[in-house]
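Everything below concerns the one structure shown next.
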Amino acid sequence: MTRSGRIGLMLATTWLGTALAAGAQEVTLSIESWRNDDLTIWQDQIIPAFEAGHPGIKVAFTPSAPAEYNAVLNSKLDAGSAGDLVTCRPFDASLALYQGGKLADLSDLASMANFSDVAKSAWQTDDGAATFCVPMASVIHGFIYNKDAFAELGLEVPATEAEFFAVLDAIKAEGSYVPLAMGTNDQWEAATMGYNNIGPNYWKGEDGRLALIRGEQKLTDEPWVAPFRQLARWKDYLGDGFEAQTYPDSQNLFTLGRAAIYPAGSWEISGFNSLVDFEMGAFPPPVAAAGDECHISDHTDIAIGLNAASKHPEEAKQFLEWVGSAEFAALYANALPGFFSLNSAPVAMADPLAEEFVSWRDTCKSTIRSTYQILSRGTPNLENETWNASVSVIKGAETPEAAAARLQAGLASWYAPQK
Amino acid sequence: MAFRPRLHVVVFLAPAVLVYTAVMIWPLFNTLRLSLYTAGEGGRAFAGLANFATLFGDPRWSAAFWNALGNNLWFFVVHMAVQNPIGIALAAILSQPRLRFAALYRSAIFIPTILSFVIVGFAWKLILSPIWGIAPGMLDAVGLKALFAPWLGREEYALTTLALISVWQFVGIPMMLIYAALLSIPEEILEAGEVDGITGRAAFFRIKLPLILPAIGIISILTFVGNFNAFDLIYAAQGALAGPNFATDILGTFLYRTFFGFQLQLGDPHMGAAIASAMFAIILAGVCLYLFAIQSRMRRYQF
Chain A
2 MTRSGRIGLM LATTWLGTAL AAGAQEVTLS IESWRNDDLT IWQDQIIPAF
52 EAGHPGIKVA FTPSAPAEYN AVLNSKLDAG SAGDLVTCRP FDASLALYQG
102 GKLADLSDLA SMANFSDVAK SAWQTDDGAA TFCVPMASVI HGFIYNKDAF
152 AELGLEVPAT EAEFFAVLDA IKAEGSYVPL AMGTNDQWEA ATMGYNNIGP
202 NYWKGEDGRL ALIRGEQKLT DEPWVAPFRQ LARWKDYLGD GFEAQTYPDS
252 QNLFTLGRAA IYPAGSWEIS GFNSLVDFEM GAFPPPVAAA GDECHISDHT
302 DIAIGLNAAS KHPEEAKQFL EWVGSAEFAA LYANALPGFF SLNSAPVAMA
352 DPLAEEFVSW RDTCKSTIRS TYQILSRGTP NLENETWNAS VSVIKGAETP
402 EAAAARLQAG LASWYAPQK
Chain B
52 MAFRPRLHVV VFLAPAVLVY TAVMIWPLFN TLRLSLYTAG EGGRAFAGLA
102 NFATLFGDPR WSAAFWNALG NNLWFFVVHM AVQNPIGIAL AAILSQPRLR
152 FAALYRSAIF IPTILSFVIV GFAWKLILSP IWGIAPGMLD AVGLKALFAP
202 WLGREEYALT TLALISVWQF VGIPMMLIYA ALLSIPEEIL EAGEVDGITG
252 RAAFFRIKLP LILPAIGIIS ILTFVGNFNA FDLIYAAQGA LAGPNFATDI
302 LGTFLYRTFF GFQLQLGDPH MGAAIASAMF AIILAGVCLY LFAIQSRMRR
352 YQF
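Going down the list, the sequences are from chains A and B.
Quick note on the working numbering: the first sequence kicks off at 2 and runs consecutively.
Quick note on the working numbering: the second sequence kicks off at 52 and runs consecutively.
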């Protein structure tokens with residue numbers, strides 16, 4: 002064979018190879034998300050399960066850092082470089098994207114029938130006419146505790162507030178464990194795992210939350226100040242130097258067995274399971290008196306929507322239909338214990354700690370975080386202000402009453418029903 | 052001689068001018084323009100100076116702005132009072148001809164400057180951590196444990212702590228610039244001084260220092276511009292909310308939060324651009340003050 006003939010053959014094979022690859026019409030969908038902790042679970046379990054049933058569609062999970070997600074996503078959507086599928090924050094952040102034409106309307110997706118109205122409420126227009134994200138999961142707040150430490154100190158799981166502080170006092174007096182693993186450096190834990198964790202028992206869950214939105218209650222009313230009073234008492238039970246303790250510091254304090262109780266969100270479960278070498282248990286936020294009705298924060302937290310500018314809307318909708326299916330619900334809830342499925346189909350979970358959290362749904366009433374729906378639309382932003390106020394109260398820099406008055410003044414400055 | 056257009060000058064300048072225009076000048080003016088608009092119903096609407104009226108008139112916005120500006124000034128004061136004198140002193144010591152291992156010290160002091168902000172912020176957060184940090188242990192070893200406090204978490208210390216971390220990182224730059232200026236002083240002048248009986252410390256303060264004043268001026272203005280554009284270290288160490296209670300909020304983090312949004316707060320590019328414009332005005336005013344009021348009066352010596 003001549004030299005030029007050989008080159009010609011090589012060129013021909015390359016060309017042929019390229020042509021074959023193009024002929025397969027493979028579509029790659031990419032997912033924007035803030036759950037960078039879940040990267041391996043998506044890559045090893047969820048995406049392969051989908052790809053097995055849908056040849057020709059590849060899915061790439063491309064998360065960014067949680068605190069930057071909203072900013073990054075907004076910039077990407079404006080620049081037209083965002084992925085086909087977008088993980089949706091609950092309420093206004095996603096609603097604004099929908100109203101801005103960035104997210105497609107998914108109301109006619111067949112799998113939407115698998116979700117209750119409450120589950121969908123976080124990703125609907127205010128009148129409920131359009132749904133723009135497929136609900137994936139909610140997270141439940143409560144306290145995770147070190148069972149071994151409780152056994153060692155002979156402590157019972159507290160059900161009331163008085164018992165809760167008695168337990169904290171006992172741990173503190175004994176001295177080998179930090180009673181509560183929480184810091185104020187990153188601010189959000191104080192509001193999310195503090196105020197919104199213990200608060201629903203005081204403001205009676207949905208009743209208080211909706212009354213606040215309607216303007217019938219004020220943040221200076223007793224049910225909204227009382228959680229701050231409890232937070233102010235937490236100060237004595239936090240670790241040394243809690244002012245500079247970050248969120249990962251708190252996680253490590255607990256998982257290394259140096260702290261007894263961790264004010265938690267259920268999303269911690271999968272991470273903690275792989276780190277601890279002691280047995281963990283969980284209890285819901287204690288009520289004021291024994292026998293009181295209990296309320297838990299069961300927050301609709303995560304959903305997934307379709308980028309309106311996606312080049313592959315049909316394939317992306319196939320993926321979304323699958324996300325709405327019972328198959329996905331079971332897969333997701335078990336791959337990520339602590340993210341509880343919002344699907345109407347009951348899901349069996351293998352993780353005991355996750356089972357413990359979800360069992361509170363039977364005895365307590367569910368609500369969502371008070372600051373998320375509507376109330377954080379204006380400036381000053383109620384959610385961000387609540388972070389700051391909760392930290393100030395815990396540190397003792399501000400009295401509960403002053404913090405509540407400041408939040409109320411900020412909210413009243415732009416929210417008409419509170420004026 | 053007739054005027055001849057020097058075509059080659061234009062040709063050689065073009066690449067730099069074009070690139071600079073595309074990545075600096077055009078975005079700068081577009082930002083200034085953006086600050087005059089607001090997001091209205093159905094798109095962007097011209098609003099004149101309304102954004103600035105909100106920024107300086109609304110009690111919440113203006114409180115946040117003045118807080119950030121005040122913190123920024125303190126950040127700058129710490130740099131001027133700590134970083135530059137130490138830089139000058141180090142340069143003076145390093146320029147001693149009899150000092151051994153001068154090159155080693157010079158490199159060691161300069162190395163933090165080339166580290167990323169993220170590494171510096173993270174490393175210092177770990178060093179100062181009350182739980183895992185080595186700072187409490189080291190203080191304990193010399194019996195001064197009582198002096199330890201969670202500095203980054205206390206409102207009264209956090210900003211100064213971060214400013215000192217930044218000083219630690221950047222002290223190499225004034226040192227290098229002053230060192231170069233000191234080396235360029237001719238030996239004859241120092242020898243002439245020696246003949247007149249000016250040696251040692253007096254030689255530094257009466258001969259060298261006046262000669263390196265222009266270099267100190269340049270360093271001051273670089274520090275000023277750098278500090279008022281600072282953002283990275285605060286963001287890496289304290290996050291975009293610049294806690295505790297906005298005690299470390301400087302103009303850069305305030306701009307970031309406003310422009311890009313944070314957590315449930317949505318980004319507002321127009322207010323963000325207004326803050327960016329205010330920062331630009333502050334820096335421009337500072338640089339002009341230096342150029343016209345100080346540098347033009349500074350005496351220069353020709354060797």
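Note that CB positions come from ideal geometry on N, CA and C, so glycine has one too.
Neighbourhood of residue i by C-beta distance below 7 Å, restricted to the same chain and skipping five residues each side
i, result
"B/H59", "none"
"A/A212", "Q218"
"A/L154", "A171, I172, E175"
"A/L337", "D39, I42, S271"
"A/G216", "P418, Q419"
"B/I333", "F279"
"A/P180", "L169, I172, K173, Y238, A261, I262"
"B/I185", "I178"
"B/L198", "L190"
Boundaries of the alpha helix (DSSP H) in which residue i is found, first to last residue
i, result
"B/Q288", "Checking the displayed sequence, the identity of residue 288 of chain B turns out to be Ala instead of Gln. First-last of the alpha helix (DSSP H) with B/A288: 283 to 289."
"B/L190", "185 to 192"
"B/M322", "320 to 339"
"A/H55", "Element bounds for A/H55: n/a, residue is neither H nor E."
"B/I229", "223 to 234"
"A/N75", "70 to 80"
"B/Y156", "153 to 165"
"B/P78", "77 to 85"
Contact belief for residue i with residue j at Cβ below 8 Å, rounded distance in angstroms
i, j, result
"A/N202", "A/A289", "7 Å"
"B/N135", "B/P225", "5 Å"
"A/F133", "A/L107", "6 Å"
"A/T256", "A/F273", "6 Å"
"A/I47", "A/G84", "About 15 Å; that fails the 8 Å criterion."
"B/S180", "A/A191", "Their Cβ separation, rounded to whole angstroms, is 18 Å, which puts B/S180 and A/A191 out of contact at 8 Å."
"A/V73", "A/S65", "5 Å"
"A/T29", "A/A61", "6 Å"
"A/L343", "A/A120", "4 Å"
"B/A67", "B/F168", "Not really, about 28 Å apart at Cβ, beyond 8 Å."
Contacting residues, own chain, Cβ-Cβ under 6 Å from residue i (five flanking each side not counted)
i, result
"A/L376", "L383"
"B/F313", "A291"
"A/N71", "A94"
"B/A298", "E206, A209, L210"
"A/S251", "A182, M183, G184"
"B/A232", "I263, A266"
"A/V140", "G266, S267, W268, H300, D302"
"A/H142", "N198, G266, S298"
"A/A233", "V394, P401"
"A/M2", "With a pLDDT of 44 at A/M2, under the threshold of 50, the modelled position of this residue cannot be trusted, and the question is left open."
Residue i - containing beta strand (DSSP E), residue span
i, result
"B/L179", "Element bounds for B/L179: not the beta strand (DSSP E) but the alpha helix (DSSP H), 168 to 179."
"A/D302", "296 to 307"
"B/S271", "Careful: B/S271 lies outside any beta strand (DSSP E), inside the alpha helix (DSSP H) at 260 to 279."
"B/G94", "94 to 97"
"A/V486", "Nothing can be reported for residue 486 of chain A: it is not among the residues displayed for chain A, which extend from 2 to 420."
"A/K366", "366 to 368"
"A/I262", "260 to 266"
"A/H142", "134 to 147"
"A/T387", "Here A/T387 belongs to no beta strand (DSSP E); instead the alpha helix (DSSP H) covers 383 to 396."
"A/L96", "Note, A/L96: premise wrong, no beta strand (DSSP E); alpha helix (DSSP H) at 93 to 100."
"B/A90", "88 to 91"
Contacts around residue i, its chain only, beta-carbon distance under 8 Å, and the 5 residues preceding and following it disregarded
i, result
"A/G24", "At A/G24, the pLDDT of 44 sits below 50, so the modelled position is not reliable; the number obtained from the coordinates is stated separately. Nothing listed; no residue qualifies."
"B/F127", "T274, F275, N278, F279"
"A/A410", "none"
"A/T380", "W415"
"B/A327", "T82, S86, L306, F310"
"A/A27", "Checking the sequence shown, residue 27 of chain A turns out to be Glu, not Ala. Around A/E27: G57, I58, K59."
Taking any Cβ of chain B, which residues in the region 253 to 275 of chain A have a Cβ under 9 Å from it, in chain order? Those residues of the region 253 to 275 of chain A that come within reach of chain B (Cβ to Cβ, closer than 9 Å) are N253, L254, R259.
Give, in chain order, every residue of the region 281 to 296 of chain B whose Cβ lies closer than 7 Å to some Cβ of chain A. Listed by position, the residues of the region 281 to 296 of chain B near chain A (Cβ gap below 7 Å) are G290, A291, L292, G294, P295, N296.
Can you confirm whether the region 87 to 101 of chain A touches the region 315 to 331 of chain B when touching is taken to mean that 3 or more C-beta pairs between the two stretches lie within less than 8 Å? Counting Cβ pairs under 8 Å, three or more are found: they touch.
Quick one: which residues of the region 41 to 72 of chain A get their C-beta closer than 7 Å to a C-beta of chain B? List them in chain order. Within the region 41 to 72 of chain A, the residues whose Cβ lies closer than 7 Å to some Cβ of chain B are A68, N71, A72, listed in chain order.
Do three or more CB pairs link the region 158 to 168 of chain A to the region 323 to 332 of chain A at distances below 8 Å? No contact exists between the region 158 to 168 of chain A and the region 323 to 332 of chain A.
Which residues, in order along the region 224 to 243 of chain A, keep a beta-carbon less than 9 Å from a beta-carbon of chain B? Contact annotation: in the region 224 to 243 of chain A, residues whose CB is within less than 9 Å of a CB in chain B are G240, D241, G242, F243.
Give a yes or no on contact between the region 307 to 315 of chain A and the region 334 to 351 of chain A, applying the rule of three or more CB pairs nearer than 8 Å. No, the region 307 to 315 of chain A does not touch the region 334 to 351 of chain A.
Which residues of the region 86 to 105 of chain A have a Cβ closer than 7 Å to any Cβ of chain B? Give them in chain order. Per Cβ criterion, the list reads D93, A94, A97.
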